[in-house]
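Novice: What follows is a single structure, and I will ask about it in a moment.
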Amino acid sequence: DAGITQSPRYKITETGRQVTLMCHQTWSHSYMFWYRQDLGHGLRLIYYSAAADITDKGEVPDGYVVSRSKTENFPLTLESATRSQTSVYFCASSEREYSNQPQHFGDGTRLSIL
Amino acid sequence: AQKVTQAQTEISVVEKEDVTLDCVYETRDTTYYLFWYKQPPSGELVFLIRRNSFDEQNEISGRYSWNFQKSTSSFNFTITASQVVDSAVYFCALSEGDNAGNMLTFGGGTRLMVKP
Chain P
55 DAGITQSPRY KITETGRQVT LMCHQTWSHS YMFWYRQDLG HGLRLIYYSA AADITDKGEV
115 PDGYVVSRSK TENFPLTLES ATRSQTSVYF CASSEREYSN QPQHFGDGTR LSIL
Chain A
337 AQKVTQAQTE ISVVEKEDVT LDCVYETRDT TYYLFWYKQP PSGELVFLIR RNSFDEQNEI
397 SGRYSWNFQK STSSFNFTIT ASQVVDSAVY FCALSEGDNA GNMLTFGGGT RLMVKP
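If you read the protein sequences in the order shown, they are chains P and A.
Using the working numbering, the letters of the first sequence correspond one by one to residues 55 to 168.
Using the working numbering, the letters of the second sequence correspond one by one to residues 337 to 452.
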């Protein structure tokens, strides 16, 4: 039971570089989410997806791009990384509409931008 | 828009003390879910409890208990006889609508330190 996996777990990169964070889930969940965690803000939603090829913005989408060509994958790309995007990123998934099951979270990716 | 406030940013207690973590929420929806998550030092998010807006019964699970009061828009979390292993950051969260898997709005978190 692999569940939901994020890669890499840790990443250091430089300002201006492109970086992609991967998220893979094995449950065939319809919904997938990307959150960032920053001190004092808790977790904030970046983007989410209700199904393959359907994505929508969350609270803090600027500077990020997502895609969902397959149900199980939901990569998050920082096209030109900035220091303000240094954060811990969590991916999550959930079953479908009208479910009483909560989201399942990955273990997070700690991203540092120098 | 929905909002979750955890006014206590940090709490420090001595082992075996009881501690209550406060959570106040705002939403215009009549149907919603409330959650508590634990984030230990290792960093992962551990789901603790889910409560929907139509169920105001308090819940107890071992040393953990939750008090949901719609009249005050609060969903407080009490740890009885705290232990060092309870040291973590605790998040309260809200999702609107009748899908518990909907996007979450998190509070800022409360860091709990339990000293031996």
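For every residue, glycine included, the Cβ atom is placed at its ideal position computed from N, Cα and C.
Taking only runs that begin and end inside the region 402-430 of chain A, name each unbroken alpha helix (DSSP H) of 4 or more residues, in chain order.
Specialist: Listed in chain order, nothing qualifies, since the region 402-430 of chain A has no complete alpha helix (DSSP H) run of 4 or more residues.
Novice: Using a Cβ distance threshold of 8 angstroms, determine whether the region 136-155 of chain P contacts the region 404-419 of chain A, with at least three qualifying pairs required.
Specialist: Segments in contact, no.
Novice: Got a sec: is the Cβ-Cβ distance from A/Tyr369 to anything in chain P below 9 angstroms?
Specialist: Chain P, which has a Cβ nearer than 9 angstroms to the Cβ of A/Tyr369, makes this yes.
Novice: Measure the alpha-carbon distance for A/Thr356 versus A/Gln393 and round it to whole angstroms.
Specialist: Near 17 angstroms, if we compare the C-alpha coordinates of A/Gln393 and A/Thr356.
Novice: State the Cα-Cα distance for the pair P/Arg122 and P/Asp116, rounded to the nearest angstrom.
Specialist: In a straight line, the C-alpha of P/Arg122 is about 18 angstroms away from that of P/Asp116.
Novice: Exposed or buried, P/Gly162, counting other C-beta atoms within 10 Å across all chains shown (16 or more means buried)?
Specialist: With 16 or more Cβ atoms within 10 Å of its Cβ, P/Gly162 is classed as buried.
Novice: With a threshold of 9 angstroms between beta carbons, is P/Tyr118 in contact with chain A?
Specialist: Not closer than 9 angstroms to any Cβ of chain A, the Cβ of P/Tyr118 fails to qualify, so no.
Novice: Is the beta carbon of A/Glu392 within less than 8 angstroms of some heavy atom of the ligand SAM?
Specialist: No copy of the ligand SAM occurs in the structure displayed, which carries no ligand at all.
Novice: What distance in whole Å lies between the Cβ atoms of A/Tyr369 and A/Val382, which are believed to be in contact at a cut-off of 8 angstroms?
Specialist: So it is not a contact: roughly 17 angstroms between Cβ atoms.
Novice: Which class does P/Gln157 belong to by DSSP, given the choice of helix, strand or coil?
Specialist: If DSSP states are grouped into helix, strand and coil, P/Gln157 belongs with coil.
Novice: Any chance you could list the alpha helix (DSSP H) runs of at least 4 consecutive residues sitting entirely within the region 79-166 of chain P, in chain order?
Specialist: Complete alpha helix (DSSP H) runs here, min 4: none at all.
Novice: On the DSSP bridge list, what partners appear for P/Gln60?
Specialist: P/Cys77.
Novice: Sort A/Ser389, A/Gly445, A/Val450 and A/Lys451 by Cα distance to A/Gln375 and report the nearest one.
Specialist: Checking every option, the nearest Cα to that of A/Gln375 belongs to A/Gly445.
Novice: Report the rounded CA-to-CA distance for A/Glu380 versus A/Arg364, giving the unit in angstroms.
Specialist: C-alpha separation (whole angstroms): 30 angstroms.
Novice: Measure the Cβ-Cβ separation of P/Gly81 and P/His158 and say whether it is below 9 angstroms.
Specialist: It is Trp, not Gly, that sits at residue 81 of chain P in the sequence shown. A contact, by the Cβ cut-off of 9 angstroms.
Novice: Going along the chain, which residues of its own chain have a beta-carbon closer than 6 angstroms to the beta-carbon of A/Asp434, five neighbours each way excluded?
Specialist: Thr367, listed in sequence order.
Novice: Would you say P/Leu168 lies against chain A (beta-carbon separation less than 9 angstroms)?
Specialist: P/Leu168 does not count as touching chain A.
Novice: Closer than 8 angstroms, Cβ to Cβ, to anything on chain A: give me those residues from the region 97-112 of chain P, in chain order.
Specialist: Listed by position, the residues of the region 97-112 of chain P near chain A (Cβ gap below 8 angstroms) are Leu97, Arg98, Leu99, Tyr102 and Gly112.
Novice: With 7 angstroms as the C-beta to C-beta threshold (strictly closer), list the residues of the region 84-97 of chain P near chain A in chain order.
Specialist: Going along the region 84-97 of chain P in chain order, one finds Tyr85, Phe87, Gly94, His95, Gly96 and Leu97 with a Cβ nearer than 7 angstroms to chain A.
Novice: Name, please, each residue of chain P whose Cβ falls closer than 7 angstroms to the Cβ of A/Met439.
Specialist: The answer, in chain order, is Phe87, Leu99, Tyr102 and Gly112.
Novice: Going by C-alpha to C-alpha distance, which of A/Leu448, A/Val450 and A/Val425 sits closest to P/Leu97?
Specialist: For P/Leu97, the nearest C-alpha among the options comes from A/Val425.
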